[in-house]
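Visitor: Residue numbers (the numbering used here): 182 to 649.
Where a beta carbon is used, it is the ideal one built from N, C-alpha and C, also for glycine.
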Amino acid sequence: MRADTILINTGPGETRVALLAKDKVLQVLFERDAGETVEGAVFAGRVTAINRDLNSAFVDIGGAEPGFLAAGDARRSGGDRIKSVTEAVGEGDKVLVQADREAMDGKGPRLTCRLALTGRFVTLQLGGEGLKFSRFLAPAQRKEMEALEEMLPGDCGLAFTPAAGGAEIAQVAADLERLLALRDEIDAAFRETGKAPEPLLAPADAVERALALASPRCRVIADDPEAARIAAAVAPGVTAETWPGPVPLFEHFGVEEALEAVLSPTVALPSGGRIIISETPALTAIDVDTGAAKGGPLGSGSPQRLAARTNREAVTAIARELRLRNLAGQIVIDFLTMKGKKERQDLLTQLRDALSGDPVECHVLGHTGLGLVELTRRRRGPSLTRLLGRPQGLAPDPVAAALAALRRALAVRGAVIRIVAAPDVAETLAGPLKDAFADADARTGGALRLERDAALAPGRFEVREGKA
């Protein structure tokens with residue numbers, strides 16, 4: 182499903198961008214001032230070590246941890262396949278790389294030498310070939326877009342974003358021309374730079390990423406006039422407007438409620454069943470349960486009919502939750518048992534159809550020997566539960582809690598606004614987010630006060646209105 186509405190919430194220290202379709206929240210993107218997002222960024226890196234056991238290289242790109250460059254990703258655009266990473270790079274070499282995945286769990290970002298430059302309508306794939314159409318392009322539009330292949334260099338491929346569906350070919354061609362010029366600029370900057378590591382291209386911001394995922398004529402609503410103006414300038418054709426309030430933008434459209442629900446592992450199904458989502462470092466497990474449906478309106482049917490209907494509802498919910506929660510990697514699903522081979526195959530078909538609208542690449546691999554359904558989803562940043570809460574949802578993440586405290590404080594009117602916070606939240610506001618706190622304090626006319634309360638549980642806070 183493609184977004185028809187983009188909501189932009191700009192707050193101290195953080196910008197949140199929600200994508201909606203028919204008033205349902207599809208996805209929420211986050212951009213934090215204190216964050217170190219590198220996915221999509223391009224660097225002149227320096228190879229610091231070669232690991233022959235892993236057949237990979239470690240590359241300094243200026244971060245806390247070196248990036249990981251596997252042999253399969255070290256082949257340059259248009260080059261022949263290689264068996265050993267040493268055929269492509271050596272220790273001390275300056276290399277042109279792009280961060281393909283964020284750093285996570287103490288591991289540095291994954292890198293590639295085959296750059297992918299994404300605009301609003303297309304992605305220019307250096308080292309790729311031909312055209313890769315989005316499912317959102319109708320057959321007639323695909324035929325029209327084939328003319329763009331004449332613009333491609335021989336060592337480049339072109340993929341279309343969801344936003345390309347319904348866009349004018351002139352818009353798409355202009356996007357491609359810009360990316361081709363950007364490729365030349367990056368190549369020139371890499372040749373000219375005498376030092377490494379050196380950043381050459383910043384990652385796309387949250388609004389740019391959202392525009393590539395939405396309809397070309399989507400509605401954009403921002404609670405900051407400047408954000409609305411910028412969105413209209415970078416995306417001709419969209420309708421950009423400023424939210425008048427007084428109800429906060431994300432609250433009015435149900436985004437805050439959706440984000441709160443993400444921290445719960447349980448998702449209710451329409452007929453009384455439920456799915457239970459468990460994230461672990463190795464994989465994500467999803468259990469499908471009939472729940473209350475056992476004694477509800479479905480209880481009068483046969484067990485197989487109950488299982489079939491619950492599984493169908495679970496497929497729809499799972500496809501939505503994978504995208505909303507940004508779950509990735511290996512995912513296993515324990516559906517209710519289906520006896521017949523045809524029924525099991527039909528279930529896989531339903532799951533593949535439900536996932537076909539996900540802009541992130543998904544592969545349904547089939548049933549395991551234990552009867553579980555296994556699939557993979559490409560990793561694109563941390564899951565929302567990692568971003569918003571600690572593992573197993575025991576408590577809010579201190580950064581997420583601190584930013585939430587600032588948002589809540591801005592909604593309060595008073596001569597003095599006190600943020601009473603647990604030690605971890607108070608330390609975050611006084612340390613990494615001190616600039617965001619100062620921004621919020623300025624917006625309230627200097628009314629903010631920060632108080633540390635050791636009696637509060639980790640990740641907790643209260644906002645209280647006081648008198649001068």
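Is leucine 553 near valine 513, with beta carbons less than 8 Å apart?
Guide: yes
Visitor: Pull up the DSSP beta-bridge partners for leucine 631, would you.
Guide: Leucine 631 is bridged to Ile600.
Visitor: Beta-carbon separation of valine 418 and leucine 360 under 8 Å?
Guide: The amino acid at residue 418 is misidentified as valine; the sequence shows glycine. Taking 8 Å as the Cβ cut-off, glycine 418 and leucine 360 do not qualify as a contacting pair.
Visitor: For the segment 384 to 391 against the segment 320 to 339, are there 3 or more C-beta pairs whose distance is under 8 Å?
Guide: no
Visitor: How long is the line joining the alpha carbons of alanine 395 and leucine 188, rounded to whole angstroms?
Guide: 11 Å
Visitor: Any idea what DSSP makes of arginine 501, helix, strand or coil?
Guide: helix
Visitor: For alanine 590, which residues of its own chain have a beta-carbon under 8 Å away from its beta-carbon, when the five flanking residues on both sides are left out?
Guide: Ile598, Ile600, Ala621, Thr625, Leu629 and Val644
Visitor: First and last residue of the alpha helix (DSSP H) that includes phenylalanine 371?
Guide: 350 to 373
Visitor: DSSP has alanine 449 in a bridge; who is on the other side?
Guide: In DSSP, alanine 449 forms a bridge with Arg455.
Visitor: With DSSP as the reference, label aspartate 527 as helix, strand or coil.
Guide: Three-state result, aspartate 527: helix.
Visitor: Please look up how many angstroms separate the CB atoms of threonine 342 and alanine 393, rounded, as I've assumed it's under 8 Å.
Guide: With a Cβ gap of about 4 Å, threonine 342 and alanine 393 count as contacting.
Visitor: By DSSP's criteria, leucine 210 is part of a beta bridge. Which residues make up the other side?
Guide: Val198
Visitor: Use the C-beta contact count for alanine 199: other C-beta atoms within 10 angstroms, 16 or more gives buried, fewer gives exposed.
Guide: buried
Visitor: Can you list, in chain order, the residues of its chain whose CB lies under 8 Å from that of proline 478, leaving out five sequence neighbours each side?
Guide: Annotation note: pLDDT 48 at proline 478 (below 50); position unreliable, coordinate value reported separately. Excluding positions up to five away in sequence, the list reads Ser452 and Gly453.
Visitor: Using the DSSP secondary-structure output, state which residues sit across from alanine 421 in a beta bridge.
Guide: Val401
Visitor: Valine 228: buried (16+ other C-beta within 10 angstroms of its C-beta) or exposed?
Guide: buried
Visitor: Once the 5 residues before and after leucine 363 are set aside, which same chain residues still bring their CB inside 7 Å of it?
Guide: Leu298
Visitor: Which two residues bound the contiguous beta strand (DSSP E) that contains leucine 307?
Guide: 303 to 307
Visitor: To the nearest angstrom, how far is the alpha carbon of glutamate 195 from that of valine 580?
Guide: 10 Å
Visitor: Express the C-alpha separation of alanine 348 and valine 206 in angstroms, rounding to a whole number.
Guide: 23 Å
Visitor: If you draw a straight line from the alpha carbon of glutamate 422 to that of alanine 355, how long is it in whole angstroms?
Guide: About 25 Å.
Visitor: Three or more C-beta pairs closer than 8 Å, one from the segment 220 to 237 and one from the segment 368 to 385: is that the case here?
Guide: yes
Visitor: Given glutamate 311, which residues of its chain have a CB within under 6 Å of its CB, disregarding the five upstream and five downstream residues?
Guide: Residue identity check: residue 311 is glycine in the sequence provided, not glutamate. Closer than 6 Å at the Cβ level, and outside the excluded window around glycine 311, lie Gly338.
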